[in-house]
C-alpha cells in the first residue's frame, strides 16, 4: 500500500509523508515516513486550537474575552482578518473559528499571543506530541522568509519560492526554524481530540465543529466525492508545501485520522495535481483500513 | 569491533540531531541506525546521546568522544583516497544524464569530471530523470544531470541552468526563414513530448506552460529525440529542444518569442558521507561546469 501511495505522490511531482489510523482500531494504520519532522505551515493552528480549548477548560482563558485588533497589528495573509482594513473586535473563540475555518493568519497570531509560545510547548508535551514544535506563529515565519529570500515584502518573497527558474534559497523549507511536526504526531493529536480524552465535552464539540466548517475541500476531501463522507480538517500551505490533517468519517460512522504532508518539486502557487494527490493518498490509506 | 559504520552513525547523528535525517544521510534505514548506536554505546560503556522528545542531544560523554570519532573517520577517508591512488584503474565516477541534456553539454560535464578528479575513470549512463534521482540517492551514481523541477528527496543540488529552446518546425507548416515564432501560432501540428512518467513535475510544467500559450494543437508522445525528429521531418509534429545539433532536411529551426519553454537542468549528487560521494568542493566545481560549460 505504501508503494501505491508513494507512487501517487511521485506522479504528482511531490514528496509525501502520511499517517492514517483507524480511531476504532488504533492498532491499524498506514504509514509513509510518519516520523519525519516536516515544517507544517498553517497546520500549526490545530495544536494551537487544542491548547486554546484546553486552557478554556482549565479556566485560564475566557473564550468570550473581547480582543480589539488594529490593522497595523495584524499580520499579512490571504484570508480573514488579514485582508480587512479597519479595526476589528472579536472574542477569543471567534478568533479560533476564523483561524480554523479560513486559516486566518492574523486571528491565529492574536490567539497564539494569548496562549503564549511557552505555555503552548508545555501543553503539547503533556498531550504526548514528541515531534511537534510551534515557533513564533506566522509573523515570525514570514519575516524569516523575507530575510532568507532577501525580498522587500512578503509577496515578493513568495514570488521567489514560486519561480521555477531559480533555486530555493537555503533553509526556507528547513524544519528546524519553523513550526514542525510529524504525520504520526498529528494523527495522535486528532485521535485524542476525537476520543474526548483531551478536552471537555463542550470544547471537544467546538474543536470538531470548527474543523468540519473548514472551507477548503481541494485536498483530503477531494479524495471522497461522496456526500455521506464527512471531513474535518486543517490545511497548511507555504511555498511548495501543501498539507492537510483531519478526520474522515464514513457513512456508517467509522472514523479515521489522517495526516498528509507534501513538498512539491514545482514552486507554482496553484498545483491542483498535488492537492488532488493529497486526497487520493488519504483515500488509498483509509480504504486499506476499512 | 569498532567499524567505520559505527563512527559514521555517531558523527552523522551528532550533526543532524535527528534519527530519520541521519539514517537518510548515511543511506540506511532507522532500525539499523538505532541498533548501531546501541552497539557503539555498549562498546564505549556510556550513553552518547540523550533521546528527548523531538530532539537528539549529545551527552557529556558524547561531546568528549566526538572529536576522536571525527578524526578517526577522517583518517579512514584518507585511507580510501590513498587506496584509490594505488588502483591502476583509478576512481570510477558514474555520471547520469537525462535524455533532455544536449549531447555536447553532457560531454562537457563528463570532461569536467575527468579534470576535477585526477586519475578517475568516468562512466556515463543515460536514463530518465525519475530513474537517475533514485540511482543517485542509493549511491549507484556519483551525480546526474536531471530535469528541474524534480522531487529531490535529501539530495544535494546545484543551481538551475536554463537552456533556451528551439522549435523545429516542418517547412510544410512554416518556411525555414530562421524567424522567431510565437508559440501561439504553432497550433497547426502537435508538439512532440517525451513520456510524462520520466519526469512528472518537469513535464507537467512544460505541458501547463504549453497549454497557457497555445490552447490548441495538442501533443504527441514520442520515445526519444530520434523519433521526434523523424515525426517533424515527416511533417507530423513540432519539436521543442535546446539541442543545437538536432537537424533534418525539411525541418526549419526557429527561436520561440519570449522563450516560454526553456529546458531547466540541475546537477544532483548524494549527501556527503554517502558511500562513494565526492568532496563538496569538487561537486561545486562540477555544478559550475553545467552552468557555464
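Residue numbers (this note's numbering), protein chains in the order written: chain A, 285 to 574; chain B, 421 to 713. No residue lacks a Cβ here, since even glycine has one placed at the ideal position from N, Cα and C.
A Cβ of chain A is located within less than 8 Å of the beta carbon of residue 624/B. Pairing residue 450/A with residue 542/B, the inter-Cα distance amounts to about 29 Å. Fully enclosed alpha helix (DSSP H) runs of no fewer than 4 residues occupy 645–653 of the stretch 636–698 of chain B, in order along the chain. Residue 312/A is outside the set of residues whose beta carbon lies under 8 Å from a beta carbon in chain B. Here residue 631/B is exposed: its Cβ has fewer than 16 other Cβ atoms, across all protein chains shown, within 10 Å.
Using a C-beta cut-off of 8 Å, the stretch 606–624 of chain B makes contact with the stretch 545–552 of chain B, since at least three inter-stretch Cβ pairs fall below that distance. Annotated as distal: residue 686/B and residue 571/B, with beta-carbon spacing of 8 Å or more. A straight line joining the alpha-carbon of residue 370/A with that of residue 378/A spans about 17 Å. A distance below 8 Å separates the beta carbons of residue 443/B and residue 450/B.
Annotation: residue 354/A is outside any alpha helix (DSSP H) and is labelled neither H nor E by DSSP.
Residues of the stretch 416–442 of chain A with a Cβ closer than 8 Å to any Cβ of chain B, in chain order: 416, 417.
For residue 367/A, the CB contacts under 8 Å within the same chain, skipping 5 residues up- and downstream, are 361 in chain order.
Counting along the chain, the unbroken beta strand (DSSP E) around residue 469/B starts and ends at 469–472. Classified as buried, residue 576/B has 16 or more neighbouring CB atoms from the shown chains inside 10 Å of its CB. Distance between residue 549/A and residue 544/B, taken at the CA atoms: about 25 Å. At a cut-off of 8 Å between beta carbons, residue 521/A makes no contact with chain B.
At a cut-off of 8 Å between beta-carbon atoms, residue 299/A makes contact with chain B. Fully enclosed beta strand (DSSP E) runs of no fewer than 3 residues occupy 512–517 of the stretch 511–544 of chain B, in order along the chain. Interface annotation, residue 473/B: in contact with chain A, CB-CB separation under 8 Å.
Residue contact with chain A for residue 573/B: present (Cβ-Cβ distance below 8 Å to some residue of chain A).
The DSSP-derived three-state label of residue 387/A is coil. Note that the C-beta distance between residue 504/A and residue 544/A is below 8 Å. Our two residues, residue 468/B and residue 530/B, have alpha carbons roughly 43 Å apart in a direct line.
By the beta-carbon neighbour count (other beta carbons within 10 angstroms, threshold 16), residue 372/A is buried.
Residue 559/A places its beta carbon less than 8 Å from that of residue 526/A.
For the pair residue 298/A and residue 528/A, the Cα-to-Cα distance works out to about 14 Å. Against chain A, a Cβ distance below 7 Å from residue 675/B picks out nothing, because the smallest value is about 18 Å. For residue 346/A, the number of other beta carbons within 10 angstroms of its own is below 16, and it is reported as exposed. For chain A, the residues of the stretch 664–692 of chain B that bring a beta carbon within less than 9 Å of one of its beta carbons are 682, 684, 686, in chain order.
Comparing alpha carbon positions, the residue from 313/A, 285/A, 334/A, 302/A closest to residue 319/A is 302/A. If you check the CB distance, residue 305/A and residue 541/A come in under 8 Å. By the criterion of a C-beta distance shorter than 6 Å, residue 354/A is surrounded in its chain by 371, once the five residues flanking it on both sides are discounted.
Pairing residue 639/B with residue 588/B, the inter-Cα distance amounts to about 14 Å. Residue pairing from DSSP places residue 518/A in a beta bridge opposite 529/A. Taking a beta-carbon distance threshold of 8 Å, residue 406/A does not count as an interface residue toward chain B. For residue 288/A, no CB of chain B lies under 8 Å from its own CB, so it is not counted at the interface with that chain.
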